[in-house]
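Chemist: Residue numbers (the working numbering), protein chains in the order written: chain D, 36 to 252; chain R, 36 to 252. Note that CB positions come from ideal geometry on N, CA and C, so glycine has one too. Shown below is the structure under consideration.
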DNA sequence: CACTTGACAGCACAAGTGTTTGCTTGCTAT
DNA sequence: ATAGCAAGCAAACACTTGTGCTGTCAAGTG
């Protein structure tokens, strides 16, 4: 029996063990560590499978050197890889106003990891996350349970997707923003939905959407 | 002569050497590595200074274990803050078949960073990413330019969002999967769209969607 | 001066560890 | 059946590597 990436069950286990061992201890396991913890009968079996893993490019090895097993990606990233995290300030539900980002204790808030592709470090300032509850944003291709990343800003350019607060209605929605002469058009992304027209003094922009994360486990 | 942090020159050198060694090789140096490269006359001198460094909290050591020297700061980040990356195998366009994930050289593919929230390490195996081109998936709340994360699998449960290949039509779409008796229903997420009905032997599942990333800079 | 202490040398021992060799098994193709 | 082969087993072997003495030497210290 093999797994999808061509590794035997045992090799899969060994690989996982190596990761976890290093994660836990900070240095690499010896062959006998693997042997005993994985209850493998002989060191040669471990050596055999390590060679297989090496041939498949899953691990690097320094011949003869004790604890010289390394994972291709663990070397550099351990030192270089910064963690991009933004605070998850809360949940946005249909109609309810957002918490004022300024007033929330950012340091206490839950954090969300953000892939650098979505928000690089220098663009990360004033970015926060909100979990979307309900289907009220579905017309903007944002589903229940999605996490939206917002950059705090009070102005927007035409076409930006923004979190806009309608003062009069005391409600917040995610819409595309268009300034058209004296009025403002808030346009859903779905063409079957009708836009909202209002005046600029009835709109307070709370942030611009810069990313969406969806998990579908 | 001591340096500002209370270390002797030799200790400073050793500490620096340890850092550099790990950065270069990916595993920790043995006492004799330090000895020879730093041209120290005896292993006991190294041991002596390592103990001093340990007492000063500059390094961690695992008694008796080969290459068990660890730097306090390198240990944790490597595991707590791993960089989850999956290969970006290509672009999925309306109707065109996906590249066979098995056949693409994974190691050569571009990588996409994934937030751990979306895919934890053990669930990361066999996950790959595809960039969506065109609006053909808009009914599944997936926009042009989005990146979808797929876990390679050939079966699916009812309600899973899958990348399904229609053999006869030689086309691939993202739909929700429903097995209904003898037929299979591929249901768009948008209720205004019609589902596709077909037989199970006309469908080959290429993967299940486990996440969506959208960037809106 | 005798005594202590930090720093260093040299050396040998005993674990810690990777490798090798020979021997089974179980399965597949000829 | 028979040969071939991947995978596993067990024990022995040999190199690696941490540790533990035993000294040496210079700088303090009373």
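Select from the region 82-97 of chain R all residues with a C-beta closer than 8 Å to any C-beta belonging to chain D, and list them in chain order.
Modeler: Residues passing the 8 Å Cβ filter: 95 and 97.
Chemist: Give me whichever residues DSSP pairs with residue 57/R in a beta bridge.
Modeler: By 1-based counting over the second chain, the position of residue 57/R is 22. The partner list for residue 57/R (beta bridge, DSSP) is empty, contrary to what the question assumes.
Chemist: For residue 248/R and residue 248/D, which I take to be in contact (beta-carbon distance under 8 Å), what is that distance rounded to the nearest angstrom?
Modeler: As a position in the second chain, residue 248/R is number 213, starting the count at 1. As a position in the first chain, residue 248/D is number 213, starting the count at 1. About 6 Å; that satisfies the 8 Å criterion.
Chemist: Given residue 186/R, which residues of its chain have a CB within under 7 Å of its CB, disregarding the five upstream and five downstream residues?
Modeler: The sequence position of residue 186/R within the second chain is 151, counting from 1. Once the five neighbours on either side are set aside, the close Cβ partners of residue 186/R are 161, 162, 242, 243 and 245.
Chemist: List the residues of chain R that residue 209/D touches, going by C-beta distances under 8 Å, in chain order.
Modeler: The count along the first chain starts at 1 and reaches residue 209/D at position 174. Within 8 Å Cβ-Cβ: nothing; residue 209/D doesn't reach chain R, min ~11 Å.
Chemist: By alpha-carbon positions, which one of 181/D, 75/D, 65/D and 70/D ends up nearest to residue 99/D?
Modeler: For the purposes of this step, residue 99/D is taken as residue 64 along the first chain, with counting starting at 1. The shortest Cα separation from residue 99/D among 181/D, 75/D, 65/D and 70/D belongs to 65/D.
Chemist: Mind checking who residue 66/R pairs with in its DSSP beta bridge?
Modeler: Position 31 of the second chain, counting from 1, holds the residue named residue 66/R. Partner(s): none; residue 66/R has no beta bridge.
Chemist: From 48/D, 233/D and 232/D, pick the residue whose C-alpha is nearest to that of residue 73/D; which is it?
Modeler: Start at 1 with the first residue of the first chain, and residue 73/D comes out as number 38. Residue 73/D has its Cα closest to that of 48/D, out of 48/D, 233/D and 232/D.
Chemist: So the candidates are 200/D, 215/D, 231/D and 208/D; which of them puts its Cα closest to the Cα of residue 238/D?
Modeler: The sequence position of residue 238/D within the first chain is 203, counting from 1. Considering only alpha carbons, the answer is 200/D.
Chemist: Hey, out of 61/R, 90/R and 220/R, whose CA is closest to residue 42/R's CA?
Modeler: The count along the second chain starts at 1 and reaches residue 42/R at position 7. When only C-alpha atoms are compared, the closest one is 90/R.
Chemist: May I ask you to report which of helix, strand or coil DSSP gives residue 188/R?
Modeler: Taking the second chain and counting its residues from 1, one reaches residue 188/R at position 153. Looking at residue 188/R - three-state DSSP - the assignment turns out to be coil, as it is neither helix nor strand.
Chemist: Identify which residue in 106/D, 235/D and 250/D has its Cα closest to the Cα of residue 219/D.
Modeler: By one-based count along the first chain, residue 219/D stands at place 184. Cα-wise, what sits closest to residue 219/D is 235/D.
Chemist: When the cut-off is 8 Å and only beta carbons count, does residue 178/D lie next to chain R?
Modeler: By one-based count along the first chain, residue 178/D stands at place 143. Interface residue, yes.
Chemist: Could you please give the first and the last residue of the uninterrupted alpha helix (DSSP H) stretch that includes residue 89/R?
Modeler: For this step, residue 89/R is matched to residue 54 along the second chain. Counting along the chain, the alpha helix (DSSP H) containing residue 89/R begins and ends at 78-90.
Chemist: Taking just the CA atoms, how far does residue 250/R sit from residue 183/R?
Modeler: To locate residue 183/R, count along the second chain from 1; it is residue 148. To locate residue 250/R, count along the second chain from 1; it is residue 215. Approximately 12 Å between the Cα atoms of the pair.
Chemist: Since residue 105/D meets chain R, which of its residues come closer than 9 Å, beta carbon to beta carbon?
Modeler: Looking up residue 105/D in the first chain gives position 70. Result: 60, 61 and 62.
Chemist: Report yes if the CB atom of residue 79/D is closer than 8 Å to the CB atom of residue 101/R, and no otherwise.
Modeler: If you number the first chain from 1, residue 79/D lands on position 44. If you number the second chain from 1, residue 101/R lands on position 66. Not closer than 8 Å, so no.
Chemist: Would you say residue 248/R faces chain D, with C-beta separation under 8 Å as the test?
Modeler: For the purposes of this step, residue 248/R is taken as residue 213 along the second chain, with counting starting at 1. Chain D, which has a Cβ nearer than 8 Å to the Cβ of residue 248/R, makes this yes.
Chemist: At what residues does the beta strand (DSSP E) containing residue 235/D begin and finish?
Modeler: If you number the first chain from 1, residue 235/D lands on position 200. Neither: residue 235/D is in no beta strand (DSSP E) and is coded neither H nor E.
Chemist: Using the beta-carbon count (16 or more within 10 Å), is residue 197/D buried or exposed?
Modeler: Numbered from 1 along the first chain, position 162 holds the residue referred to as residue 197/D. Flag for residue 197/D reads buried.
Chemist: Tell me which same chain residues have a C-beta within less than 7 Å of the C-beta of residue 46/R, skipping the five on either side of it?
Modeler: Indexing the second chain from 1 puts residue 46/R at position 11. Within the same chain, residue 46/R has close Cβ partners 84, 87 and 88.
Chemist: I'd like to know if residue 198/D contacts chain R, where contact means its C-beta is closer than 8 Å to some C-beta of that chain.
Modeler: Within the first chain, residue 198/D is the residue found at index 163, counting from 1. No, because no Cβ of chain R sits closer than 8 Å to the Cβ of residue 198/D.
Chemist: Pull up the CB-CB distance for residue 221/D and residue 231/D, whole angstroms please, since I reckon it's below 8 Å.
Modeler: Along the first chain, read from residue 1 onward, the residue named residue 221/D stands at position 186. Along the first chain, read from residue 1 onward, the residue named residue 231/D stands at position 196. About 4 Å; that satisfies the 8 Å criterion.
Chemist: Along chain D, which residues have their Cβ under 7 Å away from the Cβ of residue 102/R?
Modeler: As a first step, residue 102/R is located in the second chain; it is residue number 67 there, counting from the start. Correct list: 62, 101 and 102.
Chemist: In terms of DSSP beta bridges, what is residue 50/D paired with?
Modeler: Here residue 50/D corresponds to residue number 15 of the first chain, with the count starting at 1. Answer is none; residue 50/D lacks a bridge partner.
Chemist: Which of the three DSSP states is assigned to residue 218/D in this structure?
Modeler: By 1-based counting over the first chain, the position of residue 218/D is 183. Strand at residue 218/D.
Chemist: Could you give the C-beta distance for residue 69/D and residue 52/D, rounded to a whole number, given that I count them as a contact under 8 Å?
Modeler: Within the first chain, residue 69/D is the residue found at index 34, counting from 1. Within the first chain, residue 52/D is the residue found at index 17, counting from 1. Contact flag correct, Cβ pair sits at about 6 Å.
Chemist: Check whether chain D comes within 8 Å of residue 65/R, counting only Cβ atoms and requiring the distance to be less than that.
Modeler: As a position in the second chain, residue 65/R is number 30, starting the count at 1. Yes, residue 65/R lies at the interface with chain D (some Cβ there is under 8 Å from its Cβ).
Chemist: Measure from the alpha carbon of residue 253/R to the alpha carbon of each residue in 96/R, 233/R and 215/R, then state which is nearest.
Modeler: The structure shown does not extend to residue 253/R, since chain R is modelled only from 36 through 252, so no value can be given for it.
Chemist: Distance, Cα to Cα, residue 61/D vs residue 195/R?
Modeler: Counting from one through the first chain, the residue named residue 61/D turns up at place 26. Counting from one through the second chain, the residue named residue 195/R turns up at place 160. Using only the alpha carbons, I get a separation of about 38 Å.
Chemist: Indicate the three-state DSSP secondary structure (helix, strand or coil) for residue 102/D in the structure shown.
Modeler: Working through the first chain from its first residue, we reach residue 102/D at position 67. Coil at residue 102/D, not helix or strand.
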